[in-house]
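Notes follow once the structure below has been shown.
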Amino acid sequence: MKACIVTVYNSTNCGSFLQAYSLKYALEKLGAEVTFLKTGVKKNRRIMLRKSIRHIKKGRFSKVRPEYRKYRNFESCLKSFDICRMNKKELSRQDVFILGSDEIWNVSRNIMRRADVFWGCGLDGKIISYAPSVNTATEDDMALVPYAELALECMNSISVRDSYSKELISKYTDKPVEILCDPTFLLPAEEYDRLAGSCPFDDFILIYSAGTRFTAEDKKAIKAFAEKKGKKLAAFPHDLDWCDVHGEPHPLDAIAYFKKADYVITDTFHGTALSLIFGKSFLALPRENKKVEELLEYFDLPQLMRSDASGVEEYFESTDYSREKLSLRINKEREKSETFLKNALGIQ
Numbered sequence: 000m001k002a003c004i005v006t007v008y009n010s011t012n013c014g015s016f017l018q019a020y021s022l023k024y025a026l027e028k029l030g031a032e033v034t035f036l037k038t039g040v041k042k043n044r045r046i047m048l049r050k051s052i053r054h055i056k057k058g059r060f061s062k063v064r065p066e067y068r069k070y071r072n073f074e075s076c077l078k079s080f081d082i083c084r085m086n087k088k089e090l091s092r093q094d095v096f097i098l099g100s101d102e103i104w105n106v107s108r109n110i111m112r113r114a115d116v117f118w119g120c121g122l123d124g125k126i127i128s129y130a131p132s133v134n135t136a137t138e139d140d141m142a143l144v145p146y147a148e149l150a151l152e153c154m155n156s157i158s159v160r161d162s163y164s165k166e167l168i169s170k171y172t173d174k175p176v177e178i179l180c181d182p183t184f185l186l187p188a189e190e191y192d193r194l195a196g197s198c199p200f201d202d203f204i205l206i207y208s209a210g211t212r213f214t215a216e217d218k219k220a221i222k223a224f225a226e227k228k229g230k231k232l233a234a235f236p237h238d239l240d241w242c243d244v245h246g247e248p249h250p251l252d253a254i255a256y257f258k259k260a261d262y263v264i265t266d267t268f269h270g271t272a273l274s275l276i277f278g279k280s281f282l283a284l285p286r287e288n289k290k291v292e293e294l295l296e297y298f299d300l301p302q303l304m305r306s307d308a309s310g311v312e313e314y315f316e317s318t319d320y321s322r323e324k325l326s327l328r329i330n331k332e333r334e335k336s337e338t339f340l341k342n343a344l345g346i347q
């Protein structure tokens, strides 16, 4: 069986790469021959050049080389993906198209509204969705993509990543909509161990962040906690000037950073997901990130998120969770997702 995944597989974003790799792994485990559809949504070389030119114009010459290295790191990882191009000949070879995961249905973003292929438009054959998210898109946003309702009716099986996405999508179809775990939870521990890159640091607190959401009070509290514990603050994948060290963005190195970290503080979805997968002591700061809130509520762990980092020392001293219980839940969700894929693909 030839299965083509339709997602943002080629963003210079560690979480995007890992979710794409994990879904590929799960499908190959079921015997599928997997490719990724080249949608043209992300053009990493063009993005890298644009950012580099912007740095040069502003005199930030030291930031140009890191942009190139990030681009090179992700491009080297993407070589493990086979690509299906958007032409009739290659599309006709595919037996099934899998839409997802990540935010491919977040039509509040203009770039996603323009990419109707993420809803299966223009694709012939069996179409299923695996755990896409609408993030915070609304009915008003959906009104801007009239093709979505018709596309849903053409899908053979529909699943989403969170309850909000299910609630919204269910308004546009009478078909059952299942909630499934993000693909990163489909990857077993031994595969993460095999993939893990390198992390040169020890005795550190990982700050896994988009880099813009920490207040001055957050930084002060986190730095005081690190000093008391005798730990370095390691920023990944973005360089944060208030941290002690930072890692060069690389999707496989991200695994190593999570595995080695003594504590994790994150404001991202996949930062929270990887913290759960590796059973870390962590604090999630979702701010207005609905995805993080949904994920922790999905695993019945809302106590692991706070609105800010004040009292971070007391938080880590008083807040914990059962790793064994979580592991059992992840296994259960993995089995549920594998059953969905088997049924959707017609595998006995």
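Take 0 as the starting number for the sequence shown in numbering that gives the first Met the number 0 and just add one per residue. For each residue, glycine too, the CB sits at the ideal point set by N, CA and C.
Could you tell me which of the options sits nearest to residue i, measuring between CA atoms?
| i | options | result |
| --- | --- | --- |
| cysteine 348 | Pro250, Val144, Ala19 | With the chain running from 0 to 347 in the structure shown, residue 348 is simply not present. |
| proline 199 | Lys231, Ser274, Glu190 | Lys231 |
| glycine 278 | Glu292, Phe80, Asn288, Leu300 | Leu300 |
| glycine 99 | Phe16, Asp123, Arg71 | Phe16 |
| threonine 271 | Pro285, Gly246, Lys1, Ser317 | Pro285 |
| serine 10 | Ala2, Tyr20, Cys3 | Tyr20 |
| threonine 183 | Ser75, Asp140, Leu275 | Leu275 |
| valine 63 | Arg71, Phe73, Ile52, Gly345 | Ile52 |
| lysine 125 | Asn155, Leu151, Asp139 | Asn155 |
| tyrosine 320 | Arg333, Phe298, Asp307 | Phe298 |
| phenylalanine 388 | Asp173, Ser169, Val244 | The structure shown has nothing for residue 388, since the chain only spans 0 to 347. |
| serine 280 | His237, Trp241, Asp261, Ser79 | Asp261 |
| glutamate 189 | Met0, Ile4, Ala2, Tyr24 | Tyr24 |
| asparagine 288 | Ser326, Lys228, Arg212 | Arg212 |
| threonine 351 | Ser326, Gln302, Lys331 | The structure shown does not extend to residue 351, since the chain spans only 0 to 347, so no value can be given for it. |
| glycine 229 | Phe96, Leu239, Asp201 | Asp201 |
| asparagine 86 | Leu294, Gly39, Ser128 | Gly39 |
| methionine 0 | Leu122, Ala308, Asp94, Lys174 | Asp94 |
| glutamate 97 | Gln18, Glu296, Ser128 | With the sequence shown as reference, residue 97 is identified as isoleucine, and glutamate is not the correct amino acid for it. Checking every option, the nearest Cα to that of isoleucine 97 belongs to Ser128. |
| leucine 375 | Leu273, Asp307, Ala233, Asp192 | Residue numbering for the chain in the displayed model covers 0 to 347; residue 375 lies beyond these limits and cannot be assessed. |
| leucine 22 | Asn72, Leu90, Asp173, Leu185 | Leu185 |
| arginine 108 | Met141, Gln18, Lys331 | Met141 |
| lysine 88 | Glu66, Leu122, Tyr70 | Leu122 |
| alanine 31 | Asp81, Cys76, Tyr70 | Asp81 |
Just to confirm my understanding: we take residue i, look at its own chain, exclude 5 residues before and 5 after, and list those with CB closer than 8 Å. What are they?
| i | result |
| --- | --- |
| glutamate 27 | Val33 |
| tyrosine 314 | Leu282, Arg305 |
| serine 169 | Val176 |
| phenylalanine 60 | His54 |
Helix, strand or coil: how does DSSP classify residue i here?
| i | result |
| --- | --- |
| glutamate 102 | coil |
| isoleucine 4 | strand |
| valine 144 | coil |
| phenylalanine 315 | helix |
| isoleucine 346 | coil |
| glutamate 177 | strand |
| leucine 284 | coil |
| threonine 271 | helix |
| phenylalanine 35 | strand |
| cysteine 83 | strand |
| threonine 137 | coil |
| phenylalanine 200 | coil |
| tyrosine 320 | coil |
| threonine 265 | strand |
| phenylalanine 96 | strand |
| serine 208 | strand |
CB-CB under 7 Å to residue i, same chain, minus the five flanking residues each way: which ones, in chain order?
| i | result |
| --- | --- |
| isoleucine 103 | Thr6, Val7, Met111, Phe117, Pro131 |
| arginine 68 | Glu247 |
| glutamate 292 | Pro285, Met304 |
| alanine 195 | Leu251, Ile254, Ala255, Lys258 |
| valine 311 | Ala220, Ile221, Phe224, Leu282 |
| leucine 48 | none |
| leucine 29 | Leu340, Lys341, Leu344, Ile346 |
| glutamate 332 | Cys180, Phe184 |
Kindly list the residues whose CB is nearer than 6 Å to the CB of residue i, restricted to its own chain and excluding five residues on each side of it in sequence; keep chain order.
| i | result |
| --- | --- |
| lysine 259 | Cys198 |
| leucine 143 | Arg112 |
| cysteine 120 | Tyr146, Ala150 |
| tyrosine 348 | As displayed, the chain neither begins before 0 nor continues past 347, which places residue 348 out of reach and without an answer. |
| leucine 36 | Cys3, Val5, Cys83 |
Minimum length 3: unbroken beta strand (DSSP E) runs contained in the stretch 110-134: 125-128, all fully within the stretch 110-134.
Whole alpha helix (DSSP H) elements within the stretch 214-246, 4-residue minimum: If we require 4 residues or more, the alpha helix (DSSP H) runs fully inside the stretch 214-246 come out as 215-228.
Sufficient close CB pairs (3 or more, under 8 Å) joining the stretch 200-208 to the stretch 256-266: Touching, yes, given that three or more Cβ pairs across the two stretches are closer than 8 Å.
Touching by the beta-carbon criterion (3+ pairs, under 8 Å), the stretch 321-339 and the stretch 179-191: The stretch 321-339, when compared against the stretch 179-191, does touch it at the 8 Å Cβ threshold.
Validate contact between the stretch 211-224 and the stretch 50-59 using beta carbons, cut 8 Å, 3 pairs: Counting C-beta pairs with one atom in each stretch, the stretch 211-224 and the stretch 50-59 have fewer than three that are closer than 8 Å, which means they do not touch.
Segment contact, 8 Å Cβ cut-off, at least three pairs: the stretch 241-256 with the stretch 146-160: No: fewer than three Cβ pairs fall under 8 Å.
Inter-stretch contact at 8 Å, needing at least 3 Cβ pairs: the stretch 86-105 / the stretch 134-150: Taking 8 Å as the limit for Cβ pairs, the verdict is that the stretch 134-150 does touch the stretch 86-105.
Runs of beta strand (DSSP E) wholly within the stretch 147-175 (minimum 3 residues, chain order): Taking only runs of at least 3 residues, the beta strand (DSSP E) segments lying wholly in the stretch 147-175 are 157-159.
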